[in-house]
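The sequence shown begins at 27 in this note's numbering and counts up by one. One structure is given below, encoded as structure tokens.
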Amino acid sequence: MQLGAFKETDQTGGIRSRLQRRHSKYKSERTRVVNDLRKHLYKETSLGNVGKMETLLEYAKERLGTDFAHEMYNDARLVFKLFGRSKKNPIHVAAYLGNVQALQLLFDAGFRVDSYDKVSRVRFTTGDLFWTFAQIFVSKPFTSEDEMAASIFRTTLVTPLHCAVSTGQIQAVQWLIEHGVNVNLKSKASYWSDRMLPLFVADNPDIVTLLLEAGANHLEVPDPGHMNTLT
Numbered sequence: 027m028q029l030g031a032f033k034e035t036d037q038t039g040g041i042r043s044r045l046q047r048r049h050s051k052y053k054s055e056r057t058r059v060v061n062d063l064r065k066h067l068y069k070e071t072s073l074g075n076v077g078k079m080e081t082l083l084e085y086a087k088e089r090l091g092t093d094f095a096h097e098m099y100n101d102a103r104l105v106f107k108l109f110g111r112s113k114k115n116p117i118h119v120a121a122y123l124g125n126v127q128a129l130q131l132l133f134d135a136g137f138r139v140d141s142y143d144k145v146s147r148v149r150f151t152t153g154d155l156f157w158t159f160a161q162i163f164v165s166k167p168f169t170s171e172d173e174m175a176a177s178i179f180r181t182t183l184v185t186p187l188h189c190a191v192s193t194g195q196i197q198a199v200q201w202l203i204e205h206g207v208n209v210n211l212k213s214k215a216s217y218w219s220d221r222m223l224p225l226f227v228a229d230n231p232d233i234v235t236l237l238l239e240a241g242a243n244h245l246e247v248p249d250p251g252h253m254n255t256l257t
């Protein structure tokens with residue numbers, strides 16, 4: 027220790043900050059642009075600022091090329107069938123909010139209507155970890171649906187159609203169908219029972235009608251022979 031040093035940086039000469047600066051120098055300009063665009067485009071879509079979205083999309087095409095959406099927003103994936111990380115895909119946010127104008131803008135920019143993303147954030151607790159392994163020997167007691175949905179071990183990846191259907195956005199659902207969305211794409215989840223068609227998360231009868239007319243399979247069983255056994 028150095029005499030009179032009150033902070034860690036005083037004792038070490040700021041080694042940590044120098045390493046962080048060195049690491050940041052190796053980050054490419056393209057990576058910085060991608061990270062900034064992802065953050066700001068997600069924010070402006072959440073706020074419904076279509077004008078700012080348009081500006082950001084033009085900037086993205088200029089800096090990253092016309093196929094930037096495929097590079098930045100490839101499908102989210104499940105790791106070890108348990109964990110998932112959000113891509114912050116704005117088309118899911120637009121569908122969730124029912125913003126058809128934003129959907130059209132994103133579609134014209136190359137965003138896919140059948141893409142998968144993890145929409146909600148999750149928490150991680152030691153209790154989740156304990157029960158994941160303990161349930162091999164002991165059945166887990168009943169927990170509420172909301173609690174299970176928030177667990178890191180209950181990850182679900184959905185399409186924009188799932189988002190629009192779950193919030194009752196009729197115009198957004200109709201727009202997605204008109205633009206070629208596959209109404210029979212199931213969500214991807216760590217639990218079989220969560221791998222459902224958009225039809226099975228619909229509460230609005232008009233949306234149910236739209237999905238059925240578009241060819242949704244009402245006889246699909248999400249978890250045959252296990253948790254869900256009725257059609």
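We put the CB at the ideal spot given by N, CA and C, even for glycine. This structure is a prediction, so every number in the text was calculated from the model and none was measured.
If distances are taken between C-alpha atoms only, which option among the options comes closest to residue i?
| i | options | result |
| --- | --- | --- |
| glycine 192 | Val145, Leu73, His205, Gly206 | According to the sequence displayed, residue 192 carries serine and not glycine. It is Val145 whose Cα lies nearest to the Cα of serine 192. |
| threonine 71 | Leu90, Ala120, Tyr85 | Ala120 |
| phenylalanine 133 | Leu90, Leu211, Lys69, Glu204 | Glu204 |
| threonine 57 | Arg89, Leu236, Gly124, Ala228 | Arg89 |
| lysine 113 | Pro186, Leu245, Lys78 | Pro186 |
| leucine 83 | Phe137, Asn100, Leu245, Ser54 | Phe137 |
Starting from the C-beta of residue i, find all residues in its chain whose C-beta is less than 7 Å away, skip the five residues before and the five after it, and write them out in chain order.
| i | result |
| --- | --- |
| isoleucine 196 | Asn230, Asp232, Ile233 |
| leucine 129 | Ile117, Ala120, Ala121, Ala198, Trp201 |
| valine 126 | Gln197, Ala198, Trp201 |
| methionine 79 | Leu67, Glu70, Thr71, Ala128, Leu131 |
| glutamate 246 | Leu223 |
Out of curiosity, what's the CA-to-CA distance linking residue i and residue j?
| i | j | result |
| --- | --- | --- |
| alanine 240 | arginine 64 | 32 Å |
| alanine 215 | aspartate 140 | 16 Å |
| glycine 206 | leucine 123 | 20 Å |
| serine 54 | glutamate 97 | 15 Å |
| valine 236 | valine 60 | It is worth fixing the name first, because residue 236 is leucine in this sequence and not valine. Near 36 Å, if we compare the C-alpha coordinates of valine 60 and leucine 236. |
Could you tell me how far apart the beta carbons of residue i and residue j are, in whole angstroms, since I believe they sit closer than 8 Å?
| i | j | result |
| --- | --- | --- |
| asparagine 210 | asparagine 243 | 5 Å |
| glutamine 223 | lysine 212 | Note that residue 223 is leucine in the sequence shown here, rather than glutamine. About 6 Å separates the two Cβ atoms, so the contact holds. |
| threonine 182 | aspartate 220 | 5 Å |
| asparagine 115 | tyrosine 99 | 5 Å |
Please work out which residues of its chain come closer than 8 Å, Cβ to Cβ, to residue i, disregarding the five sequence neighbours upstream and downstream, and give them in chain order.
| i | result |
| --- | --- |
| valine 227 | His188, Val191, Ser192 |
Spatial neighbours of residue i within its chain, please: C-beta separation below 6 Å, excluding the five flanking residues on both sides.
| i | result |
| --- | --- |
| phenylalanine 94 | Ala86 |
| glycine 77 | none |
Bridge partners for residue i per DSSP, in chain order?
| i | result |
| --- | --- |
| alanine 215 | Thr182 |
| aspartate 143 | Val184 |
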